[in-house]
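Novice:
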């Protein structure tokens, strides 16, 4: 059984907690992971973020999260690799709030543009999860054109 990942906290042994003071340092555990791109937010030539998924054991592509805002360089790198969706898509046209690491308190559905789920990307993830979904937005690292999307299975 895997033990839960707990953020490391560093502080001087003689320190006390002081309200509004910044004497402690908190480091979150992060890991590299692969995910399948199922959609994007923003313009086709300059996507602001990616909606990500992984296949479950039944072969269904499930939403697991979204990226933070893409840099101009990352958007330019990933935009030409996105193929517009043709035919049926495994996800609804608008995602329910909370499905893709929505901003806290967001109650409106997440509108996005669906793409063919044929691109795998490497992302940097916080180890905190709600079921199979990432609790926080993940950071885009690079495309993984060498990987088959069907082999990207959830944990």
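Numbering (the working numbering), first residue to last: 109 to 263. Ideal placement from N, C-alpha and C gives every residue a C-beta, glycine not left out.
To which residues does DSSP link residue 172 through a beta bridge?
Specialist: Note: residue 172 sits in no beta bridge, so no partner.
Novice: Here's the rule: buried if 16 or more other CB atoms are within 10 angstroms of the residue's CB, otherwise exposed. What is residue 258?
Specialist: Classification for residue 258: exposed.
Novice: In chain order, what residues of the same chain lie with their CB nearer than 6 Å to the CB of residue 197, ignoring the 5 residues before and after it?
Specialist: Cβ within range, chain order: 222.
Novice: Along the chain, where does the beta strand (DSSP E) containing residue 230 start, and where does it finish?
Specialist: Unbroken beta strand (DSSP E) run through residue 230: 221-234.
Novice: Bridge partners of residue 142, per DSSP?
Specialist: Beta-bridge pairing links residue 142 to 230.
Novice: Taking Cβ to Cβ, would you say residue 202 is nearer than 8 Å to residue 219?
Specialist: Yes. Within cutoff.
Novice: Would you say residue 172 and residue 240 are within 8 Å of each other, going by their C-beta atoms?
Specialist: Cβ distance < 8 Å, so residue 172 and residue 240 count as in contact.
Novice: If you measure from the CB of residue 184, is any heavy atom of the ligand FAD nearer than 7 Å?
Specialist: Absent from the structure shown: the ligand FAD. Ligands present: none.
Novice: I think residue 247 touches residue 176, with their Cβ atoms under 8 Å apart; what is that distance to the nearest whole Å?
Specialist: At roughly 6 Å, the Cβ-Cβ gap stays under 8 Å, so residue 247 and residue 176 are in contact.
Novice: Along the chain, where does the beta strand (DSSP E) that runs through residue 49 open and close?
Specialist: With the chain represented from 109 up to 263, any question about residue 49 goes unanswered, as that position is not in the structure.
Novice: Determine the direct distance from the alpha carbon of residue 214 to that of residue 254, and round the result to whole angstroms.
Specialist: Cα to Cα, the separation comes out at about 36 Å.
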